[in-house]
Amino acid sequence: MYSLDINFLNDRAERPSEAGLGRSGGVGVAADPRPYYIGAALAIALPALVAGFWLFLQSQNRALEQRQAELDSQLGALQAQLGEVNSINSQIQAIESENRALASVFDYIKPWSAILQDVRSRVPSGVQIGAIEQIDLDEAAAPPPSPSPSPSPSPAEGEASPPPVVEAPPAPPPSIAISGVARSFNDVNDFVLTLQRSPFLKGDEIKLVNSQLVDNPTTVEFANQGGGQDLEVRLPQVVEYRIEGTLTNLPASELLQDLERTLSVGLASRIQALRDRGVLER
10 MYSLDINFLN DRAERPSEAG LGRSGGVGVA ADPRPYYIGA ALAIALPALV AGFWLFLQSQ
70 NRALEQRQAE LDSQLGALQA QLGEVNSINS QIQAIESENR ALASVFDYIK PWSAILQDVR
130 SRVPSGVQIG AIEQIDLDEA AAPPPSPSPS PSPSPAEGEA SPPPVVEAPP APPPSIAISG
190 VARSFNDVND FVLTLQRSPF LKGDEIKLVN SQLVDNPTTV EFANQGGGQD LEVRLPQVVE
250 YRIEGTLTNL PASELLQDLE RTLSVGLASR IQALRDRGVL ER
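Residue numbers (this note's numbering): 10 to 291.
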């Protein structure tokens with residue numbers, strides 16, 4: 010008998026999918042080296058990038074330290090200049106204090122010519138002035154000068170502060186006494202009232218300390234007396250008075266009009282010049 014032997018494996022067609030899978034199975038992956046290159050590049054680039062960034066930061070730190078050193082040097086120079094400026098300002102303020110103290114001397118001067126002219130213009134017709142004198146004051150009663158430091162900026166570090174400027178307070182105004190004779194007590198009272206209105210005197214301190222009737226001290230003489238007879242003339246009694254008061258403590262800068270009225274233009278012009286220069290306040 011004949012046996013039928015059929016081989017179907019030789020006649021089977023190879024499918025493309027299976028063939029492709031078979032070729033790309035282990036041989037294709039192993040043949041592509043790009044993943045290794047990419048990994049190696051990343052392993053080299055990342056440390057290099059970190060190292061470059063660290064070097065950049067170090068460079069910036071060195072630049073900042075150098076800039077800080079320059080600024081510290083400039084700050085030291087500016088502090089030295091600031092100390093010089095503070096020292097100059099202290100000297101300027103000391104000079105200004107001395108100028109004000111010197112100007113205050115002129116401001117508290119009252120010329121006797123102005124005072125006498127003002128008193129003369131206030132004498133009533135029935136009053137005669139015999140003497141005007143200054144009363145001595147007790148120097149022990151005057152307050153001692155006290156130091157008054159002028160305002161100045163705080164001294165720089167390491168700089169000694171300037172000594173305080175000692176300004177003596179103005180001396181108390183002097184007291185005066187006016188004595189003479191008058192025809193009556195009313196004339197004396199009128200004289201006291203007019204003196205109380207004087208701008209050079211303290212009105213509330215003008216007082217009449219003494220007034221009394223006395224014989225008239227006026228001497229009467231006759232020329233070419235005939236017959237050798239002596240004539241006796243009796244004059245009416247007069248009132249002998251004494252008035253005491255104190256000069257005003259107002260500065261001369263507030264009495265400019267009165268100084269000009271009494272023709273004391275020298276002091277008035279000096280005070281006006283000090284005002285124009287800003288040494289005295291208006």
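Yeah, the Cβ is synthetic: ideal placement off N, Cα and C, and Gly gets one too.
Nothing here was measured: the structure is a model prediction, and the numbers come from that model.
Taking 8 angstroms as the cut-off, the beta carbon of Arg131 is found closer than this to the beta carbon of Ser207. Remark: fewer than three beta-carbon pairs, one from each stretch, lie closer than 8 angstroms, so the segment 196-204 and the segment 257-268 are not flagged as touching. In the three-state DSSP reduction, Glu107 falls in the helix class (H, G or I). A distance below 6 angstroms between beta-carbons, with the five flanking residues on each side excluded, links Pro245 to no residue of its chain. A residue is called buried when at least 16 other Cβ atoms come within 10 angstroms of its Cβ; Leu73 does not meet this threshold and is exposed. Sixteen is the threshold: when 16 or more other Cβ atoms of the shown chains lie within 10 Å of the Cβ of Gly189, as they do, the residue is buried. In the structure shown, the three-state DSSP call for Val114 is helix. For Glu230, the secondary structure class from DSSP, reduced to helix, strand or coil, is coil. A residue is called buried when at least 16 other Cβ atoms come within 10 angstroms of its Cβ; Asp267 meets this threshold and is buried. A residue is called buried when at least 16 other Cβ atoms come within 10 angstroms of its Cβ; Val223 does not meet this threshold and is exposed. Nearest Cα to Ile141 within the set Thr255, Leu80, Ala60: Thr255. Within the same chain, Phe209 come within 6 angstroms of Ile124 by CB-CB distance, once the 5 residues on both sides are set aside.
DSSP, read as helix, strand or coil, puts Val132 in coil. Where Arg270 is concerned, the enclosing alpha helix (DSSP H) starts and stops at 265-270. Per the DSSP secondary-structure output, Glu249 pairs in a beta bridge with Val190, Gln221. Under DSSP, Leu256 shares a beta bridge with Leu210. In chain order, Gly212, Ile215 place their CB closer than 6 angstroms to the CB of Gln205, counting only its own chain and leaving out the 5 sequence neighbours on each side.
DSSP places Glu142 in the strand class (E or B) of the three-state scheme. Under the three-state reduction of DSSP, Ile215 is assigned to coil, being neither helix nor strand. Gln137 is bridged by DSSP to Val190.
Counting only the Cα atoms, Tyr46 lies some 24 angstroms from Phe62. Val248 sits buried, since 16 or more C-beta atoms from the chains shown fall within 10 Å of its C-beta. Residue pairing by DSSP puts Ile185 in a beta bridge opposite Gln143, Gly254.
Around the C-beta of Ser99, 16 or more other C-beta atoms lie within 10 Å, and the residue is accordingly described as buried.
A residue is called buried when at least 16 other Cβ atoms come within 10 angstroms of its Cβ; Ile53 does not meet this threshold and is exposed.
Distance from the CA of Ala89 to the CA of Asp285, rounded to the nearest whole angstrom, comes to 36 angstroms. CA-CA distance, Pro181 to Gly85, rounds to 51 angstroms.
Here Leu84 carries a helix assignment [DSSP, helix/strand/coil].
By the beta-carbon neighbour count (other beta carbons within 10 angstroms, threshold 16), Ala191 is buried.
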